[in-house]
Every structure is written in C-alpha cells, then in structure tokens.
Amino acid sequence: MEKKDVLGSTPTKARHPRALYVLFLTEMWERFAYYLMVGILLLYLIDDKTGGKGLSQDLGADIVGSFIALVYLTPFIGGLLADRHLGYIKSIFLGGSLMALGYFGLSIPGNTALFVSLGMIIVGNGFFKPNISTLLGNIYNREELRPLKDNAYNIFYMGINVGAFICNFVAAYLRNKYGWGYAFAAAGVGLIIGLIVLAMNLSKVREGDVKKAVQREDMPTSKIFGVVFLPAIIAAIIGWFLPTLLFHKPLMGSQASDAFIFACLPVIAFYVSLYVRAKGQDKKGIGALLFIFAISVVFWTIYNLNSTAYTLWAEKYTDRTLSPTTQKITGSIGALQTVSDKPRWVNKVDAQLVEVKDGSPIVRLDSMMEVKQAGEKQETVKTIFGITANGNRIDTASKVVQVQGPDPYFNNVPPDQRPGGNEVKLMNTELFQSINPLFIVALTLIFVPFFSYLRTKGKEPSTASKFGMALFICGLSALVMVFAVMSVPSVYTHKTSPIWLWMTYGVFTVSEIFLSPIGLSLVSKLAPARLTALLMGGWFLSTSIGGKIAGIMTSYWDDFSDKKIFFLILVVAAFIGGILIYSRLKSLNEIVREKTGSA
112 MEKKDVLGST PTKARHPRAL YVLFLTEMWE RFAYYLMVGI LLLYLIDDKT
162 GGKGLSQDLG ADIVGSFIAL VYLTPFIGGL LADRHLGYIK SIFLGGSLMA
212 LGYFGLSIPG NTALFVSLGM IIVGNGFFKP NISTLLGNIY NREELRPLKD
262 NAYNIFYMGI NVGAFICNFV AAYLRNKYGW GYAFAAAGVG LIIGLIVLAM
312 NLSKVREGDV KKAVQREDMP TSKIFGVVFL PAIIAAIIGW FLPTLLFHKP
362 LMGSQASDAF IFACLPVIAF YVSLYVRAKG QDKKGIGALL FIFAISVVFW
412 TIYNLNSTAY TLWAEKYTDR TLSPTTQKIT GSIGALQTVS DKPRWVNKVD
462 AQLVEVKDGS PIVRLDSMME VKQAGEKQET VKTIFGITAN GNRIDTASKV
512 VQVQGPDPYF NNVPPDQRPG GNEVKLMNTE LFQSINPLFI VALTLIFVPF
562 FSYLRTKGKE PSTASKFGMA LFICGLSALV MVFAVMSVPS VYTHKTSPIW
612 LWMTYGVFTV SEIFLSPIGL SLVSKLAPAR LTALLMGGWF LSTSIGGKIA
662 GIMTSYWDDF SDKKIFFLIL VVAAFIGGIL IYSRLKSLNE IVREKTGSA
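All residue numbers for the sequence shown refer to our numbering, where the first residue is 112 and numbers rise by one.
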C-alpha cells in the first residue's frame with residue numbers, strides 16, 4: 112500500500128524541484144488525516160462510555176471492514192477519470208474537499224451523519240489517493256529528473272509515514288481532553304492544511320497535470336463502467352436482499368458483507384474473462400498477475416487487522432499500564448486514559464468477555480434507544496436487523512445486561528493486581544497504530560542498502576521470490592500472536608505484554624517492505640498496455656477484498672473462544688500462499704524476464 116512503498120535512490124547531480132516538497136507536505140497532511148480517522152474508528156464505534164456510538168463489537172468490525180474495502184476500491188475509478196477527463200490537480204482538490212467534509216461530518220452526532228461521512232471519505236479517497244502520486248511521477252518524467260524519480264518517491268513516502276506516526280498522538284490527546292468529535296475534526300483540519308499548501312504552490316506542480324489521451328487500443332470509459340461496475344452494482348443490490356430473504360439471515364454476518372461479496376463476483380469474472388480471451392505473451396502476463404492478485408488477498412487481510420482485530424487486542428487484551436518515566440512522557444502530550452476499579456454500572460460480560468444480553472425482544476421506533484424497566488439500570492438497546500410489525504420494528508437483538516463492576520479494562524486483570532479503588536493511567540489504544548510507520552522508517556534504512564548490496568553481487572532475490580518470502584513472513588507475524596495468546600494462563604483472566612504487538616508489527620513490516628513496492632510494479636511490467644489501468648484495478652481489488660475479509664473475521668472474534676485458532680488460520684493461509692508462489696516460481700520468473708529482460 113502506498114503508505115509503505117519504499118524505493119531505492121539513484122545518484123545524480125540534478126536537484127529535486129520544489130514541487131516534490133509541495134506534494135510531500137500535501138500528502139503528509141492527507142495521510143495524517145486518514146490514519147488519524149481510521150486509527151480510532153473502531154474504538155469510536157464500540158465505545159459506550161465516553162460518547163462513542165456504543166455499537167456491538169461485531170457490527171463495529173463489519174463497518175470498519177466495509178469502509179476499508181471500499182476505500183481501496185475507489186482509487187481505480189478516480190484514477191481512470193483523472194487520466195482521461197478531469198486531470199490530476201482538479202481530482203486532488205475534489206477528493207480532498209470530499210474527505211475533509213467527511214472528517215468534519217464524523218464529529219456530528221447521529222447515524223445518518225456517520226454513514227454519509229464515511230461515504231464521502233470513500234469517494235474522496237478515490238480521487239485523491241492515486242492522483243497525487245501520479246502527479247509527482249509526471250513531474251519527474253522530465254529527462255533531467257528521471258534519474259531522481261526513485262529517490263523522490265522515497266522522500267515522498269517518508270512524508271506519508273511522518274503523517275501516519277504523529278496523527279495517533281493528536282487523536283489520543285483530543286479525544287481524551289475534548290471528545291471524539293474534536294479528534295475527527297482535527298483530521299478535517301489537517302486535510303485542509305494540505306490543500307492550502309497545494310493551492311498556494313500550484314505553479315510549481317502544474318507541469319505534471321497532463322491528461323492522457325485515450326489510445327485506439329484502450330477500452331473506452333463507458334465500456335469499462337458497462338462491463339465492470341454496472342454488473343457489480345446490480346450484484347451488490349441482489350446480495351443485500353437475496354440471502355436474507357432466502358435464509359432469513361445474512362450469509363457473511365451482515366447484509367453489507369453479503370452485498371460486497373456478491374459485487375466482487377462479476378468483477379472477478381470479468382478479470383478471468385480477460386485471461387480466457389488473451390493470447391500469447393498477453394495471456395501469460397495476465398495469468399501471472401491474476402495468480403498473484405489472488406494470493407495477495409491473504410497478505411492484505413493480515414495487513415488490515417491493524418484497524419480491526421489488532422485494535423481490539425490492544426484495547427482489551429494488552430497491558431497498557433506504563434512505567435513512571437514512560438507515563439510522565441506520554442502524559443505530557445495528553446495521551447493517557449484514566450480508569451478505576453471502583454464499582455459503577457458497566458456491561459456484564461461472561462467468562463470469555465462477551466457481553467451478556469437478556470434475549471427479550473424490544474418494540475422500538477428508532478435504531479438505538481434507551482429503555483428503563485422497574486428496578487433495573489438504564490440500558491442501551493443495540494440492534495443490527497429487525498422486521499416490521501404494526502408500524503413498529505421488532506428488535507430481534509436484545510438488551511445488554513448491566514451490573515455493578517470495575518472499568519471494563521479490569522475484566523481480565525486478576526483481582527490481586529487491581530488498584531483497590533485508585534485510578535490508573537493507561538496508554539491510549541490508538542498509539543499502537545504508530546508502531547507500524549515507525550518500523551517502516553527504521554527497517555527501510557536496513558533493507559534498502561541490503562538489497563542494493565545483494566544487487567551488486569548478483570544475489571538479489573527475484574521479484575516473485577520476494578513476493579513468496581513476504582507471504583511466509585506475514586504468516587510469521589500472525590504466529591507471533593499465537594505465542595501472545597500462550598504467554599498468559601488465559602487472555603480472559605490476564606493481560607498480555609505490549610511487546611507482542613511490537614513484535615508482530617515488526618515482523619509484518621519486513622513483509623511489507625518485501626511485497627508492497629512489488630505489486631504495482633509487477634502490473635506495469637506484465638500488463639498489456641491497453642489493459643494496464645484495468646489490471647491496476649485488480650491489484651486494488653485484492654487489497655479491498657483483504658480489508659473486507661479482515662473485517663468479517665473480526666466480526667466473528669467472540670466466536671473464537673480459543674484465540675489461537677483465529678491467528679492460526681492466518682498463519683496457515685499465509686504459508687499456503689507462500690508455498691503456491693514458490694511452486695510457480697520458475698514460470699513466474701520466466702514471464703517477468705520475457706517482459707522486462709530481468710526477473
């Protein structure tokens with residue numbers, strides 16, 4: 112993914128134009144905004160204590176998974192429209208404006224504002240994400256700047272990582288001190304700053320705003336929409352209604368998940384048809400790409416656990432207490448939460464930390480309401496799906512039972528380790544999201560020179576081999592979490608050390624460095640010229656499906672009573688993916704060599 116792309120550099124006497132630093136700052140602020148929002152989104156959706164939505168854990172994970180899936184699907188459309196119709200600068204401002212409105216909208220109460228805002232961010236990201244990188248590449252197509260292009264992208268992506276690192280500290284401070292709305296609004300402010308930087312320096316970047324004329328061999332935009340997107344929209348509508356009508360419940364846990372999976376079917380069928388109709392070298396290249404796209408879904412599933420399952424792990428199963436020194440440093444930037452084990456009304460959980468519900472249906476008029484029964488604490492009714500009867504909805508979900516107890520953080524802290532009525536300061540959960548970009552910067556300084564050294568010795572692994580290694584390494588990152596589960600007597604009675612999250616992020620970052628720069632590069636190398644944009648969309652589709660699978664898996668988190676099984680599924684899937692890559696390594700290397708002259 113673009114946040115993690117790391118490219119080498121080429122020495123040259125030419126100097127970088129000021130356009131690089133303009134786009135660096137613009138992208139830094141945009142990624143600051145995006146990663147701030149996505150880092151706290153699940154926490155906000157499931158929070159029922161400090162002004163969050165109070166949704167169930169499975170519904171929150173499903174919403175985040177759907178959001179991530181769509182965020183990585185729209186760049187193909189936005190890039191295509193910018194290439195042929197809108198131009199890059201106009202698309203960047205359009206996308207940035209939509210996203211800023213979406214971030215500000217998230218600070219407005221109400222479910223309508225929530226979903227409209229997420230929709231605006233999804234559409235806006237489609238126009239912004241692919242086009243700022245393309246704009247930079249176009250500027251470096253000048254003859255004297257071409258030797259500096261790789262180095263320029265290296266600098267550019269460092270800006271992305273800076274934004275991704277600092278945003279979580281801002282989010283923690285604002286939501287602790289002022290509330291969720293201020294944190295989301297800060298994302299909107301950050302994006303506006305980025306757009307202002309770009310607007311004030313348009314003269315420095317305008318040379319890269321060149322539309323690409325449609326070639327005779329290119330598929331017309333209208334045909335792309337007719338054969339790819341229209342069938343997907345129709346399939347999504349069918350998927351939303353049909354399984355629930357036939358089976359009285361969604362197949363994949365929610366109607367949104369069913370709709371997404373159904374929508375993917377005609378798109379996948381279209382890509383398969385490209386392979387079937389292709390001939391000669393085109394057939395080999397398309398076949399290799401589709402094979403790699405399918406395998407990479409496993410990688411992107413594990414990657415996107417960062418915003419879903421790993422966020423839950425940090426929130427509920429990780430010891431977030433700090434040493435006095437670390438607490439003083441973290442407290443100075445307002446990134447500490449205060450909890451206490453003094454009894455108060457909290458949601459009742461069973462021995463596996465699953466919320467206990469009373470099972471009685473509730474007649475209601477809106478999607479969320481508070482009810483009060485005689486002698487009972489006021490409870491929040493949560494619902495996902497209901498039926499209409501006599502003008503009212505019958506909630507087929509149920510009330511969460513409330514009891515007197517300590518803050519939920521202490522649900523899996525042994526009684527003898529609780530503070531005895533005193534307050535405890537904890538590190539904010541979202542700060543763990545900053546580990547990943549921190550490792551990217553640190554490990555890049557190791558692996559880029561290492562690969563350069565191997566290249567000089569003629570021993571650098573081939574592109575396909577790196578891809579296979581990445582699958583095994585990301586599987587090892589999930590294996591780290593298996594050991595995390597085993598590190599305590601039970602994750603339902605004891606917190607695990609934060610070192611396990613540091614380790615899994617560290618191992619996974621190595622796999623990102625091996626794989627992330629490869630995907631789009633392989634597309635550009637192996638795709639027939641007339642199908643490059645469509646096959647770029649295939650890479651984004653695999654990313655999108657991975658994000659959705661991560662959300663679906665996390666929505667079933669409570670069904671995995673033994674959490675080791677959750678992570679072992681990922682380990683096995685990744686290792687199988689790596690084995691499949693290596694089983695075709697020779698043919699993949701030959702295909703890449705035939706197309707580019709080197710593997």
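From the three backbone atoms N, C-alpha and C, an ideal C-beta is built for every residue, glycine too.
Source: prediction; values computed, not measured.
Handout entry: C-beta atoms of Lys453 and Gly532 nearer than 7 Å
Key = Within the sequence shown, the letter at position 342 stands for residue 453. Within the sequence shown, the letter at position 421 stands for residue 532. Result yes, Cβ atoms of Lys453 and Gly532 sit closer than 7 Å.
Problem - Gly75 versus Asp369, Ala638, Tyr428, residue with shortest Cα-Cα distance - result: Because the chain here runs from 112 to 710, residue 75 falls outside it and cannot be looked at.
Problem - Gly119 versus Tyr146 - alpha carbon distance - result: As a first step, residue 119 is located in the sequence shown; it is residue number 8 there, counting from the start. As a first step, residue 146 is located in the sequence shown; it is residue number 35 there, counting from the start. Residue placement at Gly119 cannot be trusted, given a pLDDT of 44 that sits under 50; what the coordinates show is reported in the next sentence. About 25 Å.
Handout entry: CB of Leu612 within 7 Å of CB of Phe521, strictly
Key = Residue numbering aside, residue 612 sits at position 501 when the sequence shown is read from its first letter. Residue numbering aside, residue 521 sits at position 410 when the sequence shown is read from its first letter. No.
Problem - Tyr667 to Ser698 span [Cα, whole Å] - result: Within the sequence shown, numbered from 1, the residue matching residue 667 stands at position 556. Within the sequence shown, numbered from 1, the residue matching residue 698 stands at position 587. Roughly 38 Å separates the two Cα atoms.
Handout entry: the region 144 to 160 contacting the region 535 to 553, beta-carbon criterion three pairs below 8 Å
Key = yes
Problem - Spatially closest choice to Ile663 from Ala420, Leu166, Pro331, by CA coordinates - result: Residue numbering aside, residue 663 sits at position 552 when the sequence shown is read from its first letter. Checking every option, the nearest Cα to that of Ile663 belongs to Ala420.
Practice task
Could you tell me the distance, in whole angstroms, from the CA atom of Gly575 to the CA atom of Gly176?
Solution key: Along the sequence shown, read from residue 1 onward, the residue named residue 575 stands at position 464. Along the sequence shown, read from residue 1 onward, the residue named residue 176 stands at position 65. Looking at the sequence itself, residue 575 is Ala, so the reference to Gly does not match. Going from the Cα of Ala575 to the Cα of Gly176 covers about 29 Å.
Exercise for the section: For Gln513, name the three-state secondary structure that DSSP assigns. Expected result: The residue labelled residue 513 in the question sits at position 402 within the sequence shown. Gln513 falls in the strand class under three-state DSSP.
Handout entry: Contact between the region 202 to 209 and the region 221 to 228 (3+ Cβ pairs under 8 Å)
Key = no
Practice task
Alpha carbon to alpha carbon, how far is Phe276 from Glu138? Give it in angstroms, no decimals.
Solution key: The residue labelled residue 138 in the question sits at position 27 within the sequence shown. The residue labelled residue 276 in the question sits at position 165 within the sequence shown. So the alpha carbons of these two residues sit roughly 13 Å apart.
Handout entry: Residue from Ala282, Ser588, Leu153, Asn252 whose Cα sits closest to the Cα of Gln448
Key = Counted from its first residue, the sequence shown places residue 448 at position 337. Comparing Cα positions, the closest option is Ala282.
Handout entry: Contact set for Val408: own chain, Cβ-Cβ below 6 Å, skip 5 residues either direction
Key = Mapped onto the sequence shown, residue 408 falls at position 297. Excluding positions up to five away in sequence, the list reads Ser653, Ile656, Gly657.
Practice task
Would you check if the distance between the CB atom of Lys636 and the CB atom of Lys706 is smaller than 7 Å?
Solution key: Within the sequence shown, the letter at position 525 stands for residue 636. Within the sequence shown, the letter at position 595 stands for residue 706. Cβ atoms of Lys636 and Lys706: closer than 7 Å.
Exercise for the section: Report the residue ranges of all alpha helix (DSSP H) runs contained in full by the region 404 to 452; include only those spanning at least 4 residues, in chain order. Expected result: 420 to 423, 435 to 443
Handout entry: CA-to-CA distance, Val682 to Gly171, given in whole angstroms
Key = Stepping through the sequence shown from its first residue, residue 171 is reached at position 60. Stepping through the sequence shown from its first residue, residue 682 is reached at position 571. So the two alpha carbons sit approximately 24 Å from each other.
Problem - alpha helix (DSSP H) segment containing Val593, residue limits - result: On the sequence shown, position 482 is the one that residue 593 refers to. Taken as a continuous stretch (DSSP letters only), the alpha helix (DSSP H) holding Val593 covers 574 to 597.
Practice task
Tell me whether the beta-carbon of Leu400 lies closer than 7 Å to the beta-carbon of Leu646.
Solution key: As a working mapping, residue 400 is identified with position 289 in the sequence shown. As a working mapping, residue 646 is identified with position 535 in the sequence shown. Cβ distance < 7 Å, so Leu400 and Leu646 count as in contact.
Exercise for the section: Determine the direct distance from the alpha carbon of Thr607 to that of Ser598, and round the result to whole angstroms. Expected result: In the sequence shown, residue 598 corresponds to position 487, counting from 1. In the sequence shown, residue 607 corresponds to position 496, counting from 1. Cα to Cα, the separation comes out at about 7 Å.
Handout entry: Paired residues, beta bridge with Asn458 - DSSP
Key = Counted from its first residue, the sequence shown places residue 458 at position 347. Answer is Gln513, bridged to Asn458.
Practice task
Using only alpha-carbon positions, find the residue among Leu633, Leu582, His605, Ala595 that is nearest to Phe619.
Solution key: Locating residue 619 in the sequence shown gives position 508, counting from the first residue. Considering only alpha carbons, the answer is Leu582.
Handout entry: Minimum C-alpha distance to Thr355 - residue among Ile345, Leu341, Ala370, Tyr132
Key = In the sequence shown, residue 355 corresponds to position 244, counting from 1. Measuring from the Cα of Thr355, the nearest candidate turns out to be Ala370.
Problem - First and last residue of the uninterrupted beta strand (DSSP E) at Val535 - result: Counting from one through the sequence shown, the residue named residue 535 turns up at place 424. Segment 534 to 538, the beta strand (DSSP E) holding Val535.
Practice task
Take the Cβ of Trp291 as the centre, count every other Cβ of all protein chains shown within 10 Å, and call the residue buried at 16 or more, exposed below.
Solution key: Taking the first residue of the sequence shown as position 1, residue 291 is located at position 180. By the 10 Å Cβ count, Trp291 comes out buried.
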